[in-house]
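These notes are about the structure you will find just below.
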Amino acid sequence: MADQAGQQPVPAPARPVRDGLMLGLAVGTSGLAFGAAAVSSGLTAVQACVLSLLAYTGASQFALAGVVAAGGSLVAGAASAVLLGSRNALYGLRLAGLLQVRGPARLLAAHGVIDESTAIALAQPDGASARAGFRATFASLYLSWNLTTAIGALGAGRLGSPQSIGLDVIGPAAFLALIWPQLRAGWTERGVGLLGAVIALAATPFCPPGVPVILAASAALAGALADGTGGGPAAPAGGLP
Amino acid sequence: MTGTWIAVLATAGGCYALKLAGLTVPQRLLARPLPRRFAELVPVALLAALAAVQTLASGQALHADPARLAGMAAAVAALLARAPFLAVIVTAAGTAAALRALGLG
Numbered sequence: 000m001a002d003q004a005g006q007q008p009v010p011a012p013a014r015p016v017r018d019g020l021m022l023g024l025a026v027g028t029s030g031l032a033f034g035a036a037a038v039s040s041g042l043t044a045v046q047a048c049v050l051s052l053l054a055y056t057g058a059s060q061f062a063l064a065g066v067v068a069a070g071g072s073l074v075a076g077a078a079s080a081v082l083l084g085s086r087n088a089l090y091g092l093r094l095a096g097l098l099q100v101r102g103p104a105r106l107l108a109a110h111g112v113i114d115e116s117t118a119i120a121l122a123q124p125d126g127a128s129a130r131a132g133f134r135a136t137f138a139s140l141y142l143s144w145n146l147t148t149a150i151g152a153l154g155a156g157r158l159g160s161p162q163s164i165g166l167d168v169i170g171p172a173a174f175l176a177l178i179w180p181q182l183r184a185g186w187t188e189r190g191v192g193l194l195g196a197v198i199a200l201a202a203t204p205f206c207p208p209g210v211p212v213i214l215a216a217s218a219a220l221a222g223a224l225a226d227g228t229g230g231g232p233a234a235p236a237g238g239l240p
Numbered sequence: 000m001t002g003t004w005i006a007v008l009a010t011a012g013g014c015y016a017l018k019l020a021g022l023t024v025p026q027r028l029l030a031r032p033l034p035r036r037f038a039e040l041v042p043v044a045l046l047a048a049l050a051a052v053q054t055l056a057s058g059q060a061l062h063a064d065p066a067r068l069a070g071m072a073a074a075v076a077a078l079l080a081r082a083p084f085l086a087v088i089v090t091a092a093g094t095a096a097a098l099r100a101l102g103l104g
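Order-wise, the sequence lines are chains L and Z. Just so we're aligned: 190 in numbering that gives the first Met the number 0 is position 191 of the first sequence, and the numbers increase by one with no gaps anywhere. Just so we're aligned: 55 in numbering that gives the first Met the number 0 is position 56 of the second sequence, and the numbers increase by one with no gaps anywhere.
So, in structure tokens, the structure goes:
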């Protein structure tokens with residue numbers, strides 16, 4: 000890649016940086032909804048902003064606000080919010096080898112491990128692009144999420160509907176686009192993606208929001224076991240005799 | 000109010016600790032085939048689940064918003080046509096926005 004530098008108008012990390020910046024800015028605007036929801040559920044505007052600054056993981060933040068709104072136990076609220084954050088630990092397992100961070104840099108990078116930054120990093124062809132994409136997504140999403148949380152918490156959330164310009168479709172479309180190369184890579188990946196989606200949808204009516212996505216991790220376990228037993232991706236362990 | 004602050008700070012601390020824990024797990028534990036394959040497949044499972052839930056659920060109710068479904072269909076079409084990432088999400092959002100502007104969403 001280095002020897003093409005003279006000819007190539009766009010250096011390799013430019014694309015992950017551009018993709019990450021745009022995704023972060025767009026998805027981060029949902030902080031508007033969080034800020035508004037948090038304040039109407041009884042948190043103060045400062046508490047809403049502190050959550051976005053320090054917890055910085057949407058599902059957990061919405062969960063805590065939801066429990067506060069329902070007048071539920073604060074211990075249970077904090078516990079369920081932290082449980083919902085466990086998917087970021089699973090992302091970290093995969094990202095550790097890619098990001099190659101140590102010491103203080105790891106303490107900072109850890110804060111940025113969420114759905115979008117993971118998705119951008121894993122969609123890149125090499126480590127340098129993955130790191131560039133991760134940093135760009137973290138920076139822009141962090142900025143956008145915290146800024147719009149403050150605006151939403153201060154009551155400007157009713158200025159316009161993010162749905163009218165299709166912002167609600169950007170999240171799911173981005174996740175699909177970012178795992179697309181992996182879905183093309185093999186039958187195990189396609190099976191795991193499909194099974195994960197089915198598990199989450201089936202669990203949705205029975206679990207609080209956020210939990211169905213964590214349950215979908217069992218699809219990854221099934222996929223790893225299916226590969227490991229050598230039975231081939233199409234024959235999961237314990238399948239037909 | 001003090002109780003709420005404790006819950007806010009406990010949530011923040013717990014969420015950060017989990018993020019850090021994932022990055023800190025010794026890589027040699029992931030050297031064995033099964034854990035390594037699991038860690039590789041987890042993002043596929045979780046991100047596919049997120050895409051499905053964000054498309055087809057609102058809260059605990061399964062419900063298909065026509066404009067959102069059309070946006071996702073447009074995203075799939077763009078992906079099959081090998082469009083770059085930004086073109087895919089602009090196509091998806093633009094399709095949903097256009098249908099809503101026409102009153103079809």
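Every residue gets a Cβ at the ideal spot worked out from N, C-alpha and C, and that includes glycine.
Exercise. Exposed or buried, which one is arginine 36 of chain Z when buried takes at least 16 other CB atoms within 10 Å?
Worked result: Looking at its Cβ environment, which holds 16 or more other Cβ atoms inside 10 Å, arginine 36 of chain Z is buried.
Exercise. In terms of residues, what are the limits of the alpha helix (DSSP H) holding arginine 86 of chain L?
Worked result: 85-98
Exercise. Hey, valine 66 of chain L and glycine 76 of chain L are a contact pair by Cβ (cut 8 Å); roughly how many whole angstroms apart?
Worked result: 3 Å
Exercise. In whole angstroms, what is the alpha-carbon distance linking leucine 22 of chain L and arginine 101 of chain L?
Worked result: 26 Å
Exercise. Any idea which residues DSSP pairs serine 57 of chain Z with across the strands?
Worked result: Z:Ala60
For this session: State buried or exposed for histidine 62 of chain Z, treating a residue as buried only when at least 16 other CB atoms are found within 10 Å of its CB.
Result: It is exposed - the Cβ of histidine 62 of chain Z has fewer than 16 other Cβ atoms within 10 Å.
Exercise. Just curious, the alpha helix (DSSP H) that proline 171 of chain L is in, first and last residue?
Worked result: 166-184
For this session: Compute the minimum distance between the beta carbon of valine 112 of chain L and the heavy atoms of the ligand COA, and state whether it is under 7 Å.
Result: With respect to small molecules bound, the structure shown includes none, and the ligand COA cannot be examined in it.
Exercise. What are the boundary residues of the alpha helix (DSSP H) that glycine 26 of chain Z is part of?
Worked result: Note that residue 26 of chain Z is glutamine in the sequence shown, not glycine. Where glutamine 26 of chain Z is concerned, there is no enclosing alpha helix (DSSP H), given that its DSSP letter is neither H nor E.
Exercise. Which of helix, strand or coil does DSSP assign to histidine 34 of chain Z?
Worked result: Position check: residue 34 of chain Z holds proline in this sequence, whereas histidine was assumed. Helix at proline 34 of chain Z.
Problem set entry | Per-residue DSSP class, three states only, for leucine 239 of chain L | The pLDDT assigned to leucine 239 of chain L is 36, lower than 50, so where the model puts this residue is not dependable; a value taken from the coordinates is nonetheless given after this. Coil.
Problem set entry | Given alanine 42 of chain Z as reference, the closest of L:Val210, L:Arg86, L:Arg17, L:Arg134 once Cα atoms are compared | First, the amino acid is wrong: residue 42 of chain Z is proline here, not alanine. Among L:Val210, L:Arg86, L:Arg17, L:Arg134, the Cα nearest to that of proline 42 of chain Z is on L:Arg86.
Problem set entry | Reduced DSSP category for tyrosine 15 of chain Z - H, G, I as helix; E, B as strand; rest coil | helix
For this session: Give the interface partners of proline 32 of chain Z over in chain L, defined as CB-CB distance under 9 Å, in chain order.
Result: Under the 9 Å cutoff, chain L gives Ala223, Asp226, Gly227.
For this session: For the segment 33-47 of chain Z, enumerate the residues whose C-beta is nearer than 9 Å to any C-beta of chain L, in chain order.
Result: Across the segment 33-47 of chain Z, CB contacts with chain L closer than 9 Å involve Leu33, Pro34, Arg35, Arg36, Phe37, Ala38, Glu39, Leu40, Val41, Pro42, Val43, Ala44, Leu45, Leu46, Ala47, in sequence order along the chain.
Exercise. Should phenylalanine 84 of chain Z go down as buried or exposed, given a rule of 16 or more other Cβ atoms within 10 Å for buried?
Worked result: buried
Exercise. Does any residue of chain L bring its CB to less than 8 Å from the CB of alanine 63 of chain Z?
Worked result: no
Problem set entry | CB contact check: glutamine 123 of chain L to chain Z, cutoff 8 Å | no
Exercise. Could one say the Cβ of leucine 101 of chain Z lies closer than 8 Å to chain L's Cβ atoms, at least one of them?
Worked result: Between leucine 101 of chain Z and chain L, the shortest Cβ-Cβ separation is not below 8 Å.
For this session: Please state if the CB of isoleucine 113 of chain L and the CB of glycine 19 of chain L are separated by a distance shorter than 8 Å.
Result: Going by beta carbons, glycine 19 of chain L and isoleucine 113 of chain L fall outside the 8 Å limit.
For this session: For alanine 96 of chain Z, go through chain L and note every residue whose CB falls closer than 7 Å to its CB, in chain order.
Result: Ser163, Ile164, Gly165
For this session: Step through the CB atoms of chain Z and report whether any lies within less than 8 Å of the CB of glycine 151 of chain L.
Result: no
Exercise. When the distance is taken between beta carbons, is alanine 109 of chain L closer than 8 Å to lysine 18 of chain Z?
Worked result: In contact: lysine 18 of chain Z and alanine 109 of chain L (Cβ atoms closer than 8 Å).
Problem set entry | Three-state secondary structure assigned by DSSP to serine 29 of chain L | Serine 29 of chain L falls in the coil class under three-state DSSP.
Exercise. Between proline 180 of chain L and alanine 77 of chain Z, what straight-line distance do the alpha-carbon atoms span, to the nearest angstrom?
Worked result: Cα to Cα, proline 180 of chain L sits roughly 13 Å from alanine 77 of chain Z.
Exercise. Under 8 Å Cβ-Cβ, which residues of chain Z neighbour tyrosine 141 of chain L?
Worked result: The contacting residues do not exist; tyrosine 141 of chain L stays about 13 Å from chain Z at best.
Exercise. Looking only at its own chain, which residues have a Cβ that is under 6 Å from the Cβ of serine 79 of chain L, when we skip the five neighbours before and after it?
Worked result: Ala62
Problem set entry | 7 Å CB neighbourhood of glycine 192 of chain L in its chain, flanking five on each side removed | Ile178, Leu182
Exercise. Based on Cα-Cα distance, which residue from Z:Leu8, Z:Ala50, Z:Ala91, Z:Ala86 lies nearest to alanine 54 of chain L?
Worked result: Z:Leu8
Problem set entry | Selection from L:Ala219, L:Asp226, L:Gly227, L:Asn145 that minimises the alpha carbon distance to alanine 38 of chain Z | L:Ala219
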